[in-house]
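For reference, the structure discussed in these notes is given below.
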Amino acid sequence: MRYSQLFTKTQKEAPRDEESLNAKLFIRAGFIHKEMAGVYSILPLGLRVIRKIEGLLRKEMIALGGQEILMPALQPKANWEQTGRWKSYDSLFRFESFYSKVEYALGPTHEEIVTPLLKRFVSSYKELPRSVFQIQTKFRDEKRAKAGLMRSREFIMKDLYSFHLTQEDLERYYERVKESYERIFDAVGIGGITYVTFASGGTFSQYSHEFQTIAPSGEDIIFLCEKCRVAVNKEIIQEQKGCPECQSTELKERKAVEVGNIFKLKTTYSKAFEFSTKDEKGKAHEVIMGCYGIGVTRLMATVAEVLSDEKGLRWPSSIAPFQVHLMGLIGGKSEAEKLYREFETQGTEVFYDDREDATSGEKLVDADLMGIPYRIVVSEKTLKTGAVELKKRGEEKVELIKIQDTVHNLKAHT
RNA sequence: CGGGAUGUGGUGUAAUGGCAGCACGCGUGCUUUGGGAGCAUGCAGCCCGAGUUCGAAUCUCGGCAUCCCGACCA
């Protein structure tokens, strides 16, 4: 993509009405635009990051046997009454049609849809287990939206739901999802600071698990055991006392962001919707369920919060909007143009700062702000030796590589 | 929802009862170009509504919006 074609632009100053690091960086770099408290438009660069995260999640969910679907954000009141959550779910957006008295909900989560949906098709133990997932926009009427994309009223989430014949089968699947989540957080560069955290599991199971990423800006407090690499949520620290795995009481208190959550629903929703299957003997059993969420936009914000530096964003290759940020400075513009075309032909994701009216300084500063992993500068200086300059975002070291090897070389890097 | 704060060109800010100014941005021209350029010139603003006053961006009241703290958070 050419910078000159991009309708957005970067800005030097962060707006006064954003205090959180992620929102400041995303707005300055032109990734998002605030429409109102807790609601943002996603701009071209931001959307590319979201698509990357979605791709990664999709791959993992499919590996877990998940079948991708897309359920509605607009949901019938009746389903929410069936589970009692029409009245009890505080952050449910409810509204009435302008034309009739019909009331609707905007989905904050999809148990009320997915359970009757699976019930419609699954009626025998032979069809279990099953799992479905979606990547979709959720709505929650947060009492206070805050911290940019960290806690917004409209956000993108990946939600997976699994359906089992037995508790044991759910347990096995649950462990597989846990491992999958760990791979996902590793892949986006926050694995080292993300902890499986024991949280309250409600009345139906002993624990649920959250994936908590250590961050100064986090709104949750966790108590972590460095030895076991697990943590305990603030909610249950009183009853739990020590580390759930080694019983150590030397836990460290840290602020963290909840980037994912896995939960054994057991039969809560299958009971509400009378979803059961027959076993070999023809006896009906309520289906055992699990649900597993990762906030896509929150994950994006978390990566920005923990990996950025004073110059701007710093994306891991796995979810970067582009792999290469190319620019031609004085004396290097025509060579940069040629390189750009070559990259495009080769299918490398390249962002080309082809602006005629931007100064060198401006281009360099923008590259740091946007945080694309590899920067290639072509200028009179580099061309003296028939080379271009390659620099990785966040590192000081620059490497000169022969211009004719550049495209091939980057293919190896990315 | 309780508490606190703030609303001035697109963005960041100054003026605090008396001519709305600066920087970035945007337009035009020329010169520039390895870390958010220079000169010249132009465009663009007081959140909304009442009130006080000779006079309100400034004071008062109401509304709206945004941020922060708290409560809440599958």
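Per our numbering, residue 1 is the first one in the first sequence, and the count goes up by one each step.
Think of the CB as a built atom: it goes at the ideal place given N, C-alpha and C, for glycine as much as any other residue.
> Taking the alpha carbon of Lys381 as the point to measure from, which residue in Val177, Gly394, Ser360 and Gly371 has its own alpha carbon closest?
Replying inline: Working through the first sequence from its first residue, we reach residue 381 at position 381. Comparing Cα-Cα distances from Lys381 to each of Val177, Gly394, Ser360 and Gly371, the minimum goes to Ser360.
> Since Met300 and Val49 are thought to touch, with beta carbons under 8 Å apart, how far apart are those beta carbons, to the nearest angstrom?
Replying inline: Here residue 300 corresponds to residue number 300 of the first sequence, with the count starting at 1. Here residue 49 corresponds to residue number 49 of the first sequence, with the count starting at 1. The pair is a contact, with the Cβ atoms about 6 Å apart (cut-off 8 Å).
> Looking only at C-alpha atoms, which of His209, Ile376, Thr345 and Thr115 sits nearest to Val398?
Replying inline: Numbered from its first residue, the first sequence carries residue 398 at position 398. Ranking His209, Ile376, Thr345 and Thr115 by Cα distance to Val398 puts Ile376 first.
> Excluding the five sequence neighbours on either side, which residues of its own chain have a C-beta within less than 7 Å of the C-beta of Arg314, listed in chain order?
Replying inline: As a working mapping, residue 314 is identified with position 314 in the first sequence. The answer, listed in chain order, is Leu307, Ser308, Gly371, Arg393 and Gly394.
> Can you tell me where the beta strand (DSSP E) with Lys138 in it begins and where it stops?
Replying inline: Looking up residue 138 in the first sequence gives position 138. Secondary structure note for Lys138: its beta strand (DSSP E) is the uninterrupted segment Arg130 to Phe139.
>> Given this structure, state the Cα-to-Cα distance separating Ile288 from Ser124, to the nearest angstrom.
In response: In the first sequence, counting from the first residue as 1, residue 288 sits at position 288. In the first sequence, counting from the first residue as 1, residue 124 sits at position 124. The alpha-carbon atoms of Ile288 and Ser124 are separated by roughly 13 Å.
> Expressed to the nearest angstrom, what Euclidean distance is found between the alpha-carbon atoms of Glu274 and Glu286?
Replying inline: Residue 274 sits at position 274 when you count from the first residue of the first sequence. Residue 286 sits at position 286 when you count from the first residue of the first sequence. It is roughly 7 Å from the alpha-carbon of Glu274 to the alpha-carbon of Glu286.
>> If distances are taken between C-alpha atoms only, which option among Ala37, Lys384, Glu35 and Ala29 comes closest to Pro44?
In response: On the first sequence, position 44 is the one that residue 44 refers to. Of the candidates Ala37, Lys384, Glu35 and Ala29, the residue whose Cα lies closest to the Cα of Pro44 is Ala29.
>> Looking only at its chain, what residues have a beta carbon closer than 6 Å to the beta carbon of Ser107, apart from the 5 residues adjacent to it on each side?
In response: As a working mapping, residue 107 is identified with position 107 in the first sequence. Per the sequence presented here, residue 107 reads as Gly, with Ser not at that position. Taken in chain order, the residues that qualify are Ala73 and Gln75.
>> Do Leu383 and Gly332 count as a contact pair if the criterion is CB distance below 8 Å?
In response: The residue labelled residue 332 in the question sits at position 332 within the first sequence. The residue labelled residue 383 in the question sits at position 383 within the first sequence. Between Gly332 and Leu383, the gap from beta carbon to beta carbon is short of 8 Å.
>> For a minimum of 4 consecutive residues, which ranges assigned as the alpha helix (DSSP H) are wholly contained in the region 159 to 193?
In response: Counting only runs of 4 or more, we get 167 to 187.
> Do the CB positions of Ala412 and Leu25 come within less than 8 Å of each other?
Replying inline: As a first step, residue 412 must be located in the first sequence, where it is residue number 412. As a first step, residue 25 must be located in the first sequence, where it is residue number 25. No, the Cβ-Cβ distance between Ala412 and Leu25 is not below 8 Å.
> With contact counted as at least three CB pairs below 8 Å, one residue from each stretch, are the region 56 to 66 and the region 92 to 112 in contact?
Replying inline: No, they do not touch.
> Under 8 Å, do Lys138 and Met157 count as touching if we go by C-beta distance?
Replying inline: In the first sequence, the residue the question calls residue 138 occupies position 138. In the first sequence, the residue the question calls residue 157 occupies position 157. For Lys138 and Met157, yes; Cβs fall inside 8 Å.
> Tell me which same chain residues have a C-beta within less than 8 Å of the C-beta of Val407, skipping the five on either side of it?
Replying inline: The residue given as residue 407 occupies position 407 in the first sequence. Same-chain partners within the cutoff: Leu339, Glu342, Phe343, Gln346 and Thr348.
> What span of residues does the beta strand (DSSP E) with Tyr292 cover, start to end?
Replying inline: In the first sequence, residue 292 corresponds to position 292, counting from 1. Note, Tyr292: beta strand (DSSP E), Ile288 to Gly295.
>> So for Tyr104, helix, strand or coil by DSSP?
In response: Counting from one through the first sequence, the residue named residue 104 turns up at place 104. Here Tyr104 sits in strand by DSSP.
>> Just to confirm my understanding: we take Gly312, look at its own chain, exclude 5 residues before and 5 after, and list those with CB closer than 8 Å. What are they?
In response: Numbered from its first residue, the first sequence carries residue 312 at position 312. Only Leu25, Arg28, Ala29, Asp368, Leu369, Met370 and Gly371 meet the Cβ criterion.
> At a cut of 8 Å, does the region 83 to 92 reach the region 183 to 191 through at least three beta carbon pairs?
Replying inline: Contact between the region 83 to 92 and the region 183 to 191 is absent: fewer than three C-beta pairs spanning the two stretches fall below 8 Å.
>> Under 8 Å: do the region 216 to 227 and the region 251 to 263 share three or more Cβ pairs, one atom per stretch?
In response: The region 216 to 227 vs the region 251 to 263: in contact.
>> Which same chain residues end up closer than 8 Å to Ile330 when comparing Cβ atoms and leaving out the 5 residues on each side of it in sequence?
In response: Residue mapping note: residue 330 aligns to position 330 of the first sequence, counting from 1. Ser360, Ser379 and Glu380, listed in sequence order.
> Does the Cβ of Met36 have 16 or more other Cβ atoms within 10 Å, making it buried, or fewer, making it exposed?
Replying inline: As a first step, residue 36 must be located in the first sequence, where it is residue number 36. Exposed: under 16 other Cβ atoms inside 10 Å.
> To the nearest angstrom, how far is it from the Cα of Ile190 to the Cα of Pro316?
Replying inline: Within the first sequence, the letter at position 190 stands for residue 190. Within the first sequence, the letter at position 316 stands for residue 316. C-alpha separation (whole angstroms): 10 Å.
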